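Sequential numbering of the sequence shown, starting at -6, is according to the numbering used here.
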Amino acid sequence: MNDTKKENPSAFGRFLFAAKTITGNAEGAARCFAAEQRTRAKVIFQRYALLLAVGVAYLIFCRTTGLSLPCPFHAMTGLDCPGCGITRLMLSLSEGDLAAAFHANEAIFILGPLLCIFLLRDDLHWILHGKRKEPPRPFVFFLLIVFAAFTIWRNFLR
């Protein structure tokens, strides 16, 4: 008795099957798939390198001139937005002053590493599978609630 289960193949498996069917060569298909992954990884690397270069240049500019970009929300309302203090946070982190970084923006100090992990996870999924994952809705709602509560707390309850 043949008890084989039909399983849903992975994206890689489907790609190999399609490429082998068309070309008759599974090794060539695997090289093509790996080339696509390398191309996507290169795109991600370039994005992060550009982001890092711009961030470092901005921090150097802020440190040498004492100037920084003003927050438009704060300029219009006089209230701190959830992102107010990120420049001070990054300057404090670059000096190794964790306490000052925490006090500059508590929410970003705590949630920033978690957000980075989710972004890296999404980028890795895109590199491997060629499609983006949607962020989990509960996580998005959690972030919205936390940042709204943080904004209220830092402006009215502190």
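C-beta atoms are modelled at their ideal positions from N, C-alpha and C, and glycine is treated no differently. Only a predicted model underlies this, so the values are computations on that prediction, with no experimental measurement involved.
Cβ of residue i within 7 angstroms of Cβ of residue j?
i	j	result
A34	I120	yes
A94	S85	yes
C55	F66	no
L193	M83	The requested residue 193 is not part of the displayed model; the chain covers only -6 to 151.
L72	N148	yes
Quick one: using the 10 Å Cβ neighbour count with 16 as the cut-off for buried, is residue i buried or exposed?
i	result
F143	buried
L60	exposed
D116	buried
On the premise that residue j lies in contact with residue i, defined as a C-beta separation below 8 angstroms, what is that separation, rounded to the nearest angstrom?
i	j	result
V139	L104	7 angstroms
Exercise. Do the region 64 to 79 and the region 97 to 107 meet, that is, are 3 or more Cβ pairs less than 8 angstroms apart?
Worked result: As far as the Cβ criterion goes, the region 64 to 79 touches the region 97 to 107, which means the pair count is three or higher.
Give, in chain order, every unbroken run of the beta strand (DSSP E) that is at least 3 residues long and sits entirely within the region 27 to 79. If we require 3 residues or more, the region 27 to 79 turns out to have no beta strand (DSSP E) run fully inside it.
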